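Take 1 as the starting number for the sequence shown in our numbering and just add one per residue.
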Amino acid sequence: MSTPARPESVADPGDGGAVAGSARRQDTRLDSYVDRYAARTHGMKASAVRALFAVANRPEVVSLAGGMPNIADLPLNVVGDAMREMILDVGPQAMQYGSGQGEPELREQICEVMSLEGIAAHPDDVTVTVGSQQALDLLTRIFCDPGDVVLAEAPSYVGALNTFGAYQSRVVHVGMDDHGLDPAALREACASLQRHGARAKFLYTIPNFQNPAGLSQPVQRRRELIEVAREFDLLIIEDNPYGLLNLAGDPLPAMRSMDAERVIYLGSFSKTFAPGFRAGWVLAPHAVREKLVLAQEAATLCPPVFSQFAVSKYLSSHDWRGQIESFKSMYAARRDAMLAGLSEHMPAGTTWTRPDGGFFVWLTLPEGLDSQAMLPRAVSNRVAYVPGTAFYADGLGSRNMRLSYCYPTPERIIEGTKRLGEVLGRELELHETFGLHDQPRAVERSQAPRPDQR
Ligand SMILES: Cc1ncc(COP(=O)(O)O)c(C=O)c1O
Numbered sequence: 001m002s003t004p005a006r007p008e009s010v011a012d013p014g015d016g017g018a019v020a021g022s023a024r025r026q027d028t029r030l031d032s033y034v035d036r037y038a039a040r041t042h043g044m045k046a047s048a049v050r051a052l053f054a055v056a057n058r059p060e061v062v063s064l065a066g067g068m069p070n071i072a073d074l075p076l077n078v079v080g081d082a083m084r085e086m087i088l089d090v091g092p093q094a095m096q097y098g099s100g101q102g103e104p105e106l107r108e109q110i111c112e113v114m115s116l117e118g119i120a121a122h123p124d125d126v127t128v129t130v131g132s133q134q135a136l137d138l139l140t141r142i143f144c145d146p147g148d149v150v151l152a153e154a155p156s157y158v159g160a161l162n163t164f165g166a167y168q169s170r171v172v173h174v175g176m177d178d179h180g181l182d183p184a185a186l187r188e189a190c191a192s193l194q195r196h197g198a199r200a201k202f203l204y205t206i207p208n209f210q211n212p213a214g215l216s217q218p219v220q221r222r223r224e225l226i227e228v229a230r231e232f233d234l235l236i237i238e239d240n241p242y243g244l245l246n247l248a249g250d251p252l253p254a255m256r257s258m259d260a261e262r263v264i265y266l267g268s269f270s271k272t273f274a275p276g277f278r279a280g281w282v283l284a285p286h287a288v289r290e291k292l293v294l295a296q297e298a299a300t301l302c303p304p305v306f307s308q309f310a311v312s313k314y315l316s317s318h319d320w321r322g323q324i325e326s327f328k329s330m331y332a333a334r335r336d337a338m339l340a341g342l343s344e345h346m347p348a349g350t351t352w353t354r355p356d357g358g359f360f361v362w363l364t365l366p367e368g369l370d371s372q373a374m375l376p377r378a379v380s381n382r383v384a385y386v387p388g389t390a391f392y393a394d395g396l397g398s399r400n401m402r403l404s405y406c407y408p409t410p411e412r413i414i415e416g417t418k419r420l421g422e423v424l425g426r427e428l429e430l431h432e433t434f435g436l437h438d439q440p441r442a443v444e445r446s447q448a449p450r451p452d453q454r
């Protein structure tokens, strides 16, 4: 079965768009508005590989690049009936302006969703956002002035790096080990900032099935990270779109369930229902929530009311917990196909992570190979991925790539890993003949997550 082509204009958070932190001007002399743009636009950078992704979206290419959830498994008849009912029942209200904080009924349901991760929250502390992407935007807007430091895992979610870059924040990466963000590295990063008279505005972390590394923090690790945050009076933004997609069992307790004052929690319906509704949320301490609502009103007046009513109706009329279980078995089959395909087709010296959930595997190439340089050859061999450099604000990651198993079928995933293996084999042959690319810098090795050996 072939994966349907996706229109080139579709926005996909996984396509490795812009990279934060690099404020190189992208304007050209063809742009006659060039002297009018705000300085913050300098940090907005088009992806170096975007043109290639237009090709990568052709049906003959197996794209292991995008992070799009496989919503084809949603029962569309059930969703359709619920939408129809919602419009007939409360259509005029659903098509009207609404509250800047979000609709009260949905905020109550969001608290129920978060209780699955041990969070006891009040709907008053929830602000609905246009996906958790907008939550990132609003939080950066209210916390960060140009030049402010934000701590983030190395590597980290490209959409967050873009947002931090758009507000001219400075991303300082913090290393991970097999259990995600490393508390010792976090302590060292905070201490180093302190020595320089600086303090990070917040730590941005993805504790579950991290995008892009696929790693998760065990419960004890979360506690240790919160301890370090207390030591340095550090605010934590916990971004958690994948937590309910734990393929190994029940969801783990959120960091927010361990500290309600220090942790700001971001949630999303994009992966557990559908991203097209653009429905996400922030759970924040009261004072922060007030600022968020003001920022939300300035940005959109109110989050889309129609989407909120639609999601709310879905939650109240459908067995959404059962739907998540069914998504989990579908994603488990795809994750297993990816791991089996990699074991079979990757050359010696290649390593990768083994996620217990979420969408992504992080692969480390044999020494001397460069994932960005070889992408055109991979696409010619009809397989695509996102080069690791997209996930660093500082240009590292050239020996890494992110592979997604969420969207293609298991058969296509296996085929994709086979094609990738062929490309790596040829790259290695070339390197044996003509010598190696530049060696990766020492810091890159120390910051990369330590993947399982194959
Ligand atoms: C870690 C992470 N945060 C946030 C988002 C944005 O999700 P949303 O669709 O809720 O805006 C994504 C999307 O892939 C993600 O992977």
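Ideal Cβ placement from N, Cα and C applies to all residues, glycine included. Here the structure is a predicted model, which means the values were calculated and not measured.
In the structure shown, the three-state DSSP call for Thr353 is coil.
When the Cα atoms are used, Ala384 and Gly197 turn out to be separated by approximately 44 Å. Taken through DSSP and simplified to helix, strand or coil, Pro376 comes out as helix. Rounded to whole angstroms, the gap between the alpha carbons of Asp319 and Ala373 is 46 Å. Proximity to Leu139 across Ala287, Thr272, His173, Met114 peaks at Ala287, based on C-alpha coordinates. Here Tyr97 is exposed: its Cβ has fewer than 16 other Cβ atoms, across all protein chains shown, within 10 Å.
Nearest neighbour of Tyr242 by Cα position, chosen from Lys418, Phe269, Glu224, turns out to be Phe269. DSSP lists Ser63 as the beta-bridge partner residues of Ala384. For Gly131, the distance from the CB to the nearest heavy atom of ligand 1 is below 7 Å. Relative to ligand 1, the beta carbon of Gly159 is positioned inside 7 Å of a heavy atom. Taking C-alpha positions only, Gly421 is separated from Leu428 by approximately 10 Å.
A straight-line Cα-Cα distance of about 21 Å links Leu215 and Asn162. In the structure shown, His286 falls within a helical segment according to DSSP collapsed to helix, strand and coil. For Glu105, the CB contacts under 6 Å within the same chain, skipping 5 residues up- and downstream, are Ser312 in chain order. Between Arg377 and Val62, the CB-CB gap reaches or exceeds 8 Å.
Taking the C-beta atoms as reference points, Tyr204 is found nearer than 8 Å to Val150. About 13 Å separates the CB atoms of Phe277 and Glu103; that is not less than 8 Å, and the two are not in contact. DSSP, reduced to helix, strand and coil, places Ala340 within a helical segment of the structure shown. For the set Arg335, Leu430, Asn240, Gly341, the Cα lying nearest the Cα of Met114 is the one of Asn240. One Cα belongs to Gln194, the other to Val228, and the distance between them is close to 13 Å.
No Cβ-Cβ contact shorter than 8 Å links Met176 with Arg222. For ligand 1, no non-hydrogen atom lies closer than 7 Å to the CB of Pro155.
Taken atom to atom, the span from the alpha-carbon of Leu74 to that of Phe273 is near 8 Å. Taking C-beta separations shorter than 8 Å and ignoring five residues to either side along the sequence, the partners of Gly131 in its chain run Ser268, Ser270, Pro275, Arg278, Ala279, Gly280, following chain order. For the pair Arg262 and Leu235, the CB atoms are nearer than the 8 Å cut-off. Setting aside the 5 residues that flank it on each side, Ala152 is surrounded in the same chain by Ala160, Leu161, Phe164, Val171, Val172, His173, Val174, Leu203, Tyr204, Thr205, Ala393, each with a C-beta closer than 8 Å to its C-beta; the list follows chain order. DSSP places Leu181 in the strand class (E or B) of the three-state scheme. Linking Asp336 to Phe306 through their CA atoms gives a straight-line distance of about 37 Å. Not a single heavy atom of ligand 1 lies less than 7 Å from the C-beta of Asp336. The C-beta distance from Ala332 to Leu247 rounds to 5 Å, short enough to meet the 8 Å contact threshold. Secondary structure within the region 213-255: the beta strand (DSSP E) runs of 3 or more consecutive residues, fully enclosed, are 236-239 (chain order). In the three-state reduction of the DSSP assignment, Arg262 falls in the coil class, being assigned neither a helical nor a strand state. Here Met68 is buried. Its C-beta has 16 or more other C-beta atoms within 10 Å.
Across the structure, Ala390 and His122 are spaced so that their CA atoms are roughly 37 Å apart. Ile119 has its CB no nearer than 7 Å to any heavy atom of ligand 1.
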